[in-house]
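A short worksheet on the structure shown next.
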Amino acid sequence: MTPDDERFLRRAIELAAEARAAGDPPFGSLLVGAGGGVLAEERNTTVSGRDITAHPELKLARWAGRELAPDVAAATTMYTSCQPCGMCAGAIERSFLGRVVFALSTGQLAGLKPPAPAAGARLEGPFLYEEARVPVEGYYR
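My numbering puts the first residue of the sequence shown at 2, with every later residue one more than the last.
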């Protein structure tokens with residue numbers, strides 16, 4: 002970890018504290034460009050915004066996908082107070098961000114939270130491959 006990494010991680014933690022003070026879950030993130038300037042900052046707003054997807058990492062990945070060319074996005078670093086969840090990690094990958102530096106790991110976070118109830122949704126499939134592949138086939142070539 003570089004001194005800049007440490008400074009930006011501390012800012013992500015400050016954003017997490019701001020989220021908590023506003024009544025939201027305590028998570029914060031920022032996106033830093035290749036030259037070291039902060040491009041955007043976000044904090045969790047899942048409670049205040051009544052949006053279960055309003056994680057700061059997802060908001061920044063969506064912003065980067067809209068506002069940055071893939072080569073510019075690839076030169077960025079996201080600093081975040083906690084390791085991105087699966088939803089956010091998928092968005093980060095699709096927005097072509099180059100690097101993610103996080104403070105708390107998923108395991109460390111789990112140790113700070115009460116046990117979560119078991120997930121309720123069951124995934125079933127795959128089904129109807131021959132039909133489902135028709136609109137997809139050839140798209141990614």
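We treat Cβ as the ideally placed atom computed from N, Cα and C, and that holds for glycine. This structure is a prediction, so every number in the text was calculated from the model and none was measured.
Mark TYR80 as exposed unless 16 or more other C-beta atoms lie within 10 angstroms of its C-beta, in which case mark it buried. Around the beta-carbon of TYR80, 16 or more other beta-carbon atoms lie within 10 Å, marking it buried.
With DSSP as the reference, label THR47 as helix, strand or coil. Three-state result, THR47: coil.
To which residues of the same chain is GLU21 closer than 7 Å at the C-beta, ignoring the five residues directly before and after it? It is Arg, not Glu, that sits at residue 21 in the sequence shown. Excluding residues within five positions, the ones whose Cβ falls inside 7 Å are PRO27.
How would you write the range of the alpha helix (DSSP H) that VAL135 sits in, first residue to last? Note, VAL135: premise wrong, no alpha helix (DSSP H); not H, not E.
Considering Cα atoms alone, identify which of LEU61, THR46, ASP25, ASP52 is closest to PHE97. For PHE97, the nearest C-alpha among the options comes from LEU61.
Start and end residues, alpha helix (DSSP H) containing THR107: Counting along the chain, the alpha helix (DSSP H) containing THR107 begins and ends at 107-113.
Would you mind giving the Cβ-Cβ distance between ALA17 and ARG44, rounded to the nearest angstrom? I have them listed as a contact below 8 Å. With 8 Å as the limit, ALA17 and ARG44 qualify as a contact, their Cβ atoms being about 7 Å apart.
Residues that TYR80 bridges to, as DSSP identifies them: Paired residues: LEU31, VAL102.
State the DSSP-derived secondary structure class of LEU124, mapped to helix, strand or coil. In this structure, LEU124 counts as coil in the three-state DSSP scheme.
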